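Peer 1: Take a look at this one; I'll ask things after.
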């Protein structure tokens, strides 16, 4: 087959992992580094900027923690690939972790856009009630 569509072959994704090139490992570290930094950024933003605002905290906290874990799992799989581990070093797992991170982001973006505005209104109304309707 042509070298340009090598990634369509079964053996490209599922084969005995041999130590990959430095360029491939560097690219994968860059991708999963961005996933990890995105998770850390969301977590720090939630902790320092949002602080205690439950409608946003309910969505941003699990989203940030999930990105951190997915980034760390990606790093671990890259190390297995670099070391030539037979099972965990295959490219399929790295692709699976990346696609999981992308779907994780889309899911929490959807939840954020759908739920936060409604829950914010209810939360603000509850705060006003507590402030002015004290028994």
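Numbering (UniProt numbering), first residue to last: 1 to 135. Ideal Cβ placement from N, Cα and C applies to all residues, glycine included. Since this is a predicted model, take the numbers as computed values, not measurements.
Roughly how many whole angstroms lie between the Cα atoms of residue 59 and residue 122?
Peer 2: 16 Å
Peer 1: Return the CA-CA distance between residue 111 and residue 61, expressed in angstroms with no decimal places.
Peer 2: 13 Å
Peer 1: Go ahead and pull the three-state DSSP assignment for residue 117.
Peer 2: Helix at residue 117.
Peer 1: Would you decide whether residue 5 is buried or exposed? Buried here means 16 or more other CB atoms lie within 10 Å of its CB.
Peer 2: exposed
Peer 1: Residue 43 to residue 66, Cα distance in whole Å?
Peer 2: 10 Å
Peer 1: Do residue 50 and residue 70 come within 8 Å of each other at the CB atom, strictly closer than that value?
Peer 2: With contacts defined as CB atoms closer than 8 Å, residue 70 and residue 50 fail to qualify as a contacting pair.
Peer 1: Taking the alpha-carbon positions, what's the residue 1 to residue 109 distance?
Peer 2: Because residue 1 carries a pLDDT of 49, less than 50, the predicted location of this residue cannot be relied on, and the following value inherits that uncertainty. Cα-Cα distance, rounded: 40 Å.
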